[in-house]
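Read top to bottom, the protein sequences are chains Z and C. All residue numbers for the first sequence refer to this note's numbering, where the first residue is 126 and numbers rise by one. All residue numbers for the second sequence refer to this note's numbering, where the first residue is 126 and numbers rise by one. Just so you know, even glycine gets a beta-carbon here, dropped at the ideal spot from N, CA and C. No experiment lies behind these values; they were computed from the predicted model shown. These notes are about the structure you will find just below.
Number of protein chains: 2
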Amino acid sequence: MIIRPAVEADHAAVLAIVSPVLAAGETYAVATDLDAEGVANYWFGPTHEVFVAELDGVVLGTYYLMANQQGGGAHVANCGYMTSAAAQGKGIARTMCEHSLVRAKERGFRAMQFNHVVSTNARAVALWQKLGFAIVGTLPQAFKHPTQGYVDSYVMFRAL
Amino acid sequence: MIIRPAVEADHAAVLAIVSPVLAAGETYAVATDLDAEGVANYWFGPTHEVFVAELDGVVLGTYYLMANQQGGGAHVANCGYMTSAAAQGKGIARTMCEHSLVRAKERGFRAMQFNHVVSTNARAVALWQKLGFAIVGTLPQAFKHPTQGYVDSYVMFRAL
Numbered sequence: 126m127i128i129r130p131a132v133e134a135d136h137a138a139v140l141a142i143v144s145p146v147l148a149a150g151e152t153y154a155v156a157t158d159l160d161a162e163g164v165a166n167y168w169f170g171p172t173h174e175v176f177v178a179e180l181d182g183v184v185l186g187t188y189y190l191m192a193n194q195q196g197g198g199a200h201v202a203n204c205g206y207m208t209s210a211a212a213q214g215k216g217i218a219r220t221m222c223e224h225s226l227v228r229a230k231e232r233g234f235r236a237m238q239f240n241h242v243v244s245t246n247a248r249a250v251a252l253w254q255k256l257g258f259a260i261v262g263t264l265p266q267a268f269k270h271p272t273q274g275y276v277d278s279y280v281m282f283r284a285l
Numbered sequence: 126m127i128i129r130p131a132v133e134a135d136h137a138a139v140l141a142i143v144s145p146v147l148a149a150g151e152t153y154a155v156a157t158d159l160d161a162e163g164v165a166n167y168w169f170g171p172t173h174e175v176f177v178a179e180l181d182g183v184v185l186g187t188y189y190l191m192a193n194q195q196g197g198g199a200h201v202a203n204c205g206y207m208t209s210a211a212a213q214g215k216g217i218a219r220t221m222c223e224h225s226l227v228r229a230k231e232r233g234f235r236a237m238q239f240n241h242v243v244s245t246n247a248r249a250v251a252l253w254q255k256l257g258f259a260i261v262g263t264l265p266q267a268f269k270h271p272t273q274g275y276v277d278s279y280v281m282f283r284a285l
């Protein structure tokens, strides 16, 4: 598997991964009814540096890296990761996260923060913990899950 | 003191409050070098509902109210408050926050979250606690204070 910057030719493959994840509304605090342009504007937004995970020429995952805040908070990075539904369990999210930690450090960030990890997304929570992130905050019932109702979200953080 | 929606005629007075706070870089994780247009675009951004606190016809404070996230996170509000440097200590921030809690509930929000309360801003931290907010997370060294260096920030939260 290789991780490389997304190029124009990847856009369709990336959106095919991102769109169903957003539409499902289970893991990202983003509108669930975005059209294709809305999804593209979100994932490829001007502040996002976007990468893809490619295996045998097929894009199976994507992530973005950005500054979580500006000004006095600009030294903390933020990322979002998504893996193709057909490629779960192959370590793609882990590989992307490890790549992002290196890339963020290379860009001069001193830490990485995830603002809103939905507590029911147990696989993600466990993976980020394995990769050195700590739950530094719990947001009570801050996420309305489509089937589980109001559930907690976590703020997760690690130094780089 | 009255709190009312900001109108076009308030813009100069609002920016006269906001600009120096952002330029000081001590309390908001926002770029410190925004020009007048940048400050206006930030404070009067399309997602912000902006109010002013007025005493004897003079605008002494301003706040914005917005959804902190979209999708499954859209039921949690976020606000930012600023008081004129010349009018500190008159309870303007408290009055604005109380107003915002009512307004947020009226708009259907179920909770309010502050994402990045700089720990050195002790007066603000104490005031939000008095108004029912709890520190639900600590972001280690997530803010670079211009004179105190890297300091913690708090995530603060309360139900409505």
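Looking at the C-beta of residue i, does it have a partner C-beta in chain Z at a distance below 8 Å?
i	result
Ala-154 (chain C)	yes
Thr-172 (chain C)	no
Gly-291 (chain C)	Any answer about residue 291 (chain C) is impossible in this case: the structure gives chain C only from 126 up to 285.
Identify whether residue i lies in helix, strand or coil by the three-state DSSP scheme.
i	result
Gly-205 (chain C)	strand
Pro-145 (chain C)	helix
Arg-283 (chain C)	strand
His-136 (chain C)	helix
Met-191 (chain Z)	strand
Arg-266 (chain Z)	Note on identity: in this sequence residue 266 (chain Z) is Gln, with Arg being the wrong assignment. Looking at Gln-266 (chain Z) - three-state DSSP - the assignment turns out to be strand.
What residue from the options has the CA that sits closest to residue i's CA?
i	options	result
Leu-264 (chain Z)	Z:Met-221, Z:Thr-245, Z:Val-139, Z:Ile-142	Z:Thr-245
Ala-259 (chain C)	C:Gly-274, C:Ala-236, C:Val-276, C:His-224	C:Ala-236
Ile-128 (chain C)	C:Glu-174, C:Met-221, C:Ala-192	C:Met-221
His-241 (chain Z)	Z:His-270, Z:Val-184, Z:Met-126, Z:Leu-226	Z:His-270
Gly-262 (chain Z)	C:Asp-277, C:Ala-211, C:Lys-255	C:Asp-277
Ala-141 (chain C)	C:Val-175, C:Thr-187, C:Asp-181, C:Pro-130	C:Thr-187
Arg-248 (chain C)	C:Ala-148, C:Thr-152, C:Thr-157, C:Cys-204	C:Thr-152
Gln-254 (chain Z)	Z:Gly-205, Z:Arg-283, Z:Leu-190	Z:Arg-283
Gly-196 (chain Z)	C:Phe-268, C:Phe-239, C:Val-143	C:Phe-268
Phe-239 (chain C)	C:Val-201, C:Arg-232, C:Lys-230, C:Thr-172	C:Val-201
Glu-133 (chain Z)	Z:Ser-209, Z:Gly-274, Z:Glu-174	Z:Glu-174
Tyr-189 (chain C)	C:Ala-211, C:Asn-203, C:Asp-181	C:Asn-203
Glu-223 (chain C)	C:Asp-160, C:Tyr-206, C:Gln-213, C:Ala-210	C:Tyr-206
Ser-144 (chain Z)	Z:Ala-131, Z:Leu-159, Z:Asp-135, Z:Ala-154	Z:Leu-159
Ala-251 (chain Z)	Z:Thr-172, Z:Gly-274, Z:Val-183, Z:Met-281	Z:Met-281
Val-146 (chain C)	C:Thr-172, C:Glu-179, C:Ala-210, C:Arg-228	C:Ala-210
Does residue i have its Cβ less than 8 Å from a Cβ in chain C?
i	result
Leu-226 (chain Z)	no
His-270 (chain Z)	yes
Leu-285 (chain Z)	no
Phe-282 (chain Z)	yes
Ala-267 (chain Z)	yes
Leu-140 (chain Z)	no
Gly-196 (chain Z)	yes
Leu-190 (chain Z)	no
Thr-157 (chain Z)	yes
Leu-185 (chain Z)	no
Leu-264 (chain Z)	yes
In chain order, which continuous runs of the alpha helix (DSSP H) of length 4 or greater are located wholly inside the stretch 160 to 188 of chain Z?
-> 161 to 168
Contact list for the stretch 236 to 262 of chain C against chain Z, Cβ threshold 8 Å = Per Cβ criterion, the list reads Ala-236, Gln-238, Asn-240, His-241, Val-243, Val-261, Gly-262.
What residues in the stretch 200 to 222 of chain Z have a beta carbon less than 9 Å from any beta carbon of chain C?
-> His-200, Val-201
Inside the stretch 217 to 276 of chain Z only - beta strand (DSSP E) runs reaching at least 3 residues = 236 to 243, 259 to 270
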